[in-house]
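In what follows, a structure is listed as C-alpha cells, so that the remarks can point back to it.
There are 2 protein chains.
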Amino acid sequence: MADAAGSRLLIIGGAERRGTTILARFVELAGGPDAHIVVIAAASAVPGELEADYAAAFTGLGAGTVRALRLTTREDAGQPSALAALEQATAVFFTGGDQYRITTLLGGTPVDSLLQTLVADGRLVLAGTSAGAAMMSGTMILGGNAPGVTTTSVRTGPGLEFLPGVLIDMHFAERGRLNRLLSAVAMYPHEVGVGIDEDTAILARQGAFQVLGSGSVTVVDAGAASDIRVPADGPIAIAGARIHVLPAGYTFHLKDREWGRAA
Amino acid sequence: MADAAGSRLLIIGGAERRGTTILARFVELAGGPDAHIVVIAAASAVPGELEADYAAAFTGLGAGTVRALRLTTREDAGQPSALAALEQATAVFFTGGDQYRITTLLGGTPVDSLLQTLVADGRLVLAGTSAGAAMMSGTMILGGNAPGVTTTSVRTGPGLEFLPGVLIDMHFAERGRLNRLLSAVAMYPHEVGVGIDEDTAILARQGAFQVLGSGSVTVVDAGAASDIRVPADGPIAIAGARIHVLPAGYTFHLKDREWGRAA
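So, in C-alpha cells, the structure goes:
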C-alpha cells in the first residue's frame, strides 16, 4: 500500500490520445529527456503491440529512454533483471487489458513489493490506463453491466492499493457506468467512487487529485448518504449521496472528500 | 400548469409490466370497478395497437370502463366529443411514443386546457409512460445520447407542466442516461432531475412523490451544487450536487428537495 506523501500516480480512464495532453504530462513528470520509462503490458494478451505503441508515443513526446518490461509469468516478476529495470526507472506505465491479469501476475511478487516502495518513496511516477488504472485502486471494479443499482450490477476485487480508499472505474461516460459505481459505493461507502472518462486522467499526489484531459471525472461520495439499504435482491437505495462531475482544472481532496479548483 | 393540491400524477419510466404493480395501482386510483379510463395514444404513430393493449390490461385489472380517445390532428383536440370524454373520465393514460407528437398535437388546445383544470382540481388521475411521462415535466428531455456531460449531450423543450419544476427522463438505468440528466440539470439547476427506470413510476401528489415498481428513481439535485460551469464547448463541471437512488418505499419532497420513506 503506497499513497505516501511522495507518491505520484497518473490514473487514466482509457483511450487517451497519443502524443498530447495526458501522455505529454506523463513524459514531463517522468523527466522528459532524462526520463527512463518502463512500459508493462501485463494486462494484455497481446503485449507486443501495446509496448510498441506506447514506446513510439513516449519517444515522440521527447522521453529519453523507453523500454518494455515483459512479464508473462509470476516467475518473471521475481527476476533480478525485472527488479533492476524498475530501480532505474523514473516512471512506469501499465497499459490496458484485463485488470486481473495484472493482479494475478504481479500481486505479492517482488516486482509488486518493489513498485510499492518506489512509488511510496516518490522515486518513480506510476501511470496506468484502463485496466492499468483500475488495479491502482483499493478496490477495483471487475465487471458488471446489468442495468439498475443492485448487488449483482457490479463485481469487485481488491486492487493493488497504490491509491487506497478509492474505487476506480474507467471508460466511464462512454460505457454508461454510473449504475455499477453507485452499486459499489452503496456497499462500500467508506471508499470514494471515482469514474474516469476516456482521454481523461487523475494525477494523485499528497492526498488529493487533479483532473487532466478532455473529459470528466465523476466522484460519487456515498459516505455523505444519510440512508443506504442494500437488499440481497432488488434495487439498492441511496439517499443523500454527493456527486461531482469534474473536468480539467478541478481537484478533489480524498480525506475530507471536498472538491476544489487547481491554483 | 397543474400541480395544485388535488393533482394526482402517475409518471412511469416505460416498459411497465402489464397486469401488475404500477398499472394495478393506476386502476385502483382510477376507481377500480367505478373507473372511467381514457387512453390517449397520441404519442404513437401506431395508436391502435397501444389502445388495444392498454384497454386489455386495464380491463384485466378490473377497471369498470376503458375507452380510447384517438387524437390525430389539433382539430380533434378541440372537438366537443373529446372534451366530453375527458369530463366523464376518472383517469387518463398517455402511452409512449414520441413526446413531441403529444405537445404538437395537444399543446394549447381545448383538450390541453381542460386536462390541466381536471388534474389541478383532482377530478381525474393523470398517468403516462415513457413519452407520456416526459411530457408531464416542466422541461422534457427530447434526446441526446453523446457520452459525457456537455451542453450538446441533451436536447430539452418545454413540457406540458403538469409537474412543474421537474425535469423527467425515462428508461433511465436501462439506457444509461445519467449523462444527459446531469447535463440538463447543470444548465437548469432550478429544476430537479428525475430519472425513472423501466417498470418504475412516481406517484406525485401534494408536492411530493413516492416511488413504485421494480426499479429505482434517480434524483439529481444540482441546486445543492456550490459550483457549476457550463462552457459552450467541452465538459460541464458540477461540484457538490446531491444524488438519490430511490426504490419503492421512498418518497421525495419537491419543494425542500428532501427524501423520505413512505409511512
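As you go down the protein sequences, you meet chains A and B in turn.
Quick note: the first sequence, position 261, residue 261 per this note's numbering, numbers continuous.
Numbers given in this note's numbering equal positions in the second sequence, counted from 1, plus 1000.
Quick reminder that beta carbons are idealized off the backbone N, C-alpha and C, glycines included.
Taken through DSSP and simplified to helix, strand or coil, L71(A) comes out as coil. As for any beta strand (DSSP E) of minimum length 3 sitting wholly inside the region 1121–1186 of chain B, the runs are 1125–1129, 1137–1143, 1155–1158, 1163–1170, ordered along the chain. Around the beta carbon of V1046(B), fewer than 16 other beta carbons sit within 10 angstroms, so the residue counts as exposed. The region 134–153 of chain A and the region 99–114 of chain A touch, with no fewer than 3 CB-CB distances between them shorter than 8 Å. Shown in chain order are the members of the region 1173–1187 of chain B whose Cβ falls below 7 Å from a Cβ of chain A: A1173, E1174, G1176, L1178, N1179, L1182. The beta carbon of G62(A) sits no closer than 8 Å to any beta carbon of chain B. For R1017(B), none of the residues of chain A pass the 9 Å Cβ criterion, the least Cβ distance being about 15 Å. Spanning the alpha carbons of R1018(B) and E1028(B) requires a straight line of approximately 14 Å.
D1197(B) reaches chain A at G148, counting residues in chain order whose Cβ is nearer than 7 Å. Beta bridge pairing from DSSP links R25(A) with no other residue. Assignment of Y1054(B) by DSSP, reduced to helix, strand and coil, places it in the helix class. In this structure, G1122(B) lies away from I1011(B), with their beta-carbon atoms at least 8 Å apart.
At a cut-off of 8 Å between beta carbons, A1232(B) makes no contact with chain A. The beta carbon of E1198(B) sits closer than 7 Å to those of G1013, G1014, A1015, H1171, E1174, G1215, all from its chain and outside the five residues before and after it, given in chain order. Of the other Cβ atoms in all chains shown, 16 or more fall within 10 Å of the Cβ of E191(A); this residue is therefore buried. Between the region 245–254 of chain A and the region 213–229 of chain A there are three or more inter-stretch CB-CB distances shorter than 8 Å, so the stretches are counted as touching.
In this structure L1142(B) touches G1157(B) by the C-beta definition: roughly 5 Å separates them, less than 8 Å.
Against G240(A), the close residues of chain B are R1242, I1243, H1244, E1258, W1259, in the order they occur along the chain (beta-carbon pairs closer than 9 Å). Excluding sequence positions up to five before and after A1068(B), its CB lies within less than 6 Å of the CB of V1039, E1051, all in the same chain and listed in chain order. Exposure of H253(A) is indicated by the presence of fewer than 16 other C-beta atoms within 10 angstroms of its C-beta.
Residue-level contact by beta carbon fails for I1141(B) and chain A, as no gap is shorter than 8 Å.
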